[in-house]
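Add 220 to the 1-based position in the sequence shown for my numbering, that's all there is to it. Single-structure report; data block below.
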Amino acid sequence: MMPTATPTPGKRLISPADHALILIDFQSQMAFATKSIDPVQLRNNAGLVAAAAAGFKVPTILTTVAEKSFSGPMFEEVTAPFPGQALLDRTSMNTWEDAAVIEEVNRIGKPRIAFAGLWTSVCIVGPVLSALDQGFEVLFVADACGDVSAEAHECAVQRMIQAGAQPMTALQYLLELQRDWARGETYELTTGIARRLGGAYGIGINYAKSMFGAHEG
221 MMPTATPTPG KRLISPADHA LILIDFQSQM AFATKSIDPV QLRNNAGLVA
271 AAAAGFKVPT ILTTVAEKSF SGPMFEEVTA PFPGQALLDR TSMNTWEDAA
321 VIEEVNRIGK PRIAFAGLWT SVCIVGPVLS ALDQGFEVLF VADACGDVSA
371 EAHECAVQRM IQAGAQPMTA LQYLLELQRD WARGETYELT TGIARRLGGA
421 YGIGINYAKS MFGAHEG
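In structure tokens form, the structure reads like this:
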């Protein structure tokens with residue numbers, strides 16, 4: 221039977237209200253050894269995801285591992301969009317094995333969770349596979365994750381995809397939250413984040429607005 225098309229979004233697309241975001245271990249010690257992505261690009265992408273989540277009011281958990289004793293502070297680009305929010309510090313490499321984090325996951329109560337952090341093969345694979353096992357729908361922001369080598373990152377990405385997790389990118393995360401330029405209440409938020417952190421796309425927005433007052437809507 222031929223399906224009927226309707227002008228409605230697919231259920232697999234994310235919206236601000238249908239998921240939680242967990243940002244994991246964006247810290248100095250892990251960043252020093254990250255080689256799969258340029259550290260400047262990594263910080264930019266992590267900041268883009270954090271700014272998007274904060275702007276669209278996505279419930280977000282910020283978690284660190286051994287912050288004071290070993291791994292150092294979380295990237296300012298990640299914490300700045302959430303002023304005053306506590307960082308949940310852990311001893312476990314797998315975030316999903318930390319009782320305080322899981323208490324917050326259950327308090328938020330979203331069946332869909334997005335992840336980003338360092339390293340892909342340890343700090344992201346662990347909670348992604350664990351959340352999938354417990355029945356959550358899981359996404360991960362692949363270019364806001366990094367690892368000790370390109371091979372380590374790619375193996376982790378493939379392992380998560382094969383288990384059922386869905387990859388996306390930082391810019392995709394932002395634009396999927398907006399999804400329609402007619403949503404005027406978040407138009408300036410979205411284009412503002414893109415202009416600051418959206419790379420070449422942001423340069424294009426700046427150019428179009430400055431040269432001829434362009435507007436996506």
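All C-beta atoms in this analysis are idealised placements derived from N, C-alpha and C, irrespective of residue type, glycine included.
Per-residue DSSP class, three states only, for M380: Helix, per DSSP.
Could you work out which residue in S341, N264, R399, T226 is closest to R416 when comparing CA atoms only? N264
Is DSSP giving T280 helix, strand or coil here? strand
C-alpha gap between V325 and K231, whole angstroms: Rounded to whole angstroms, V325 to K231 spans 21 Å at the Cα level.
Nearest-angstrom Cα separation, counted from Q382 out to D367: 19 Å
Nearest-angstrom Cα separation, counted from M221 out to I413: Using only the alpha carbons, I get a separation of about 43 Å.
For F432, the first and last residue of its enclosing alpha helix (DSSP H): 419-432
Contact criterion: CB-CB distance below 9 Å. Does A402 meet it with respect to chain B? Protein chain content of the structure displayed is limited to a single chain, and chain B is not contained in it.
By a C-beta neighbour count over all protein chains shown, 10 Å radius and 16 as the cutoff for buried, is D245 buried or exposed? buried
Meets three-Cβ-pair contact criterion under 8 Å: the stretch 304-318 and the stretch 281-289: yes
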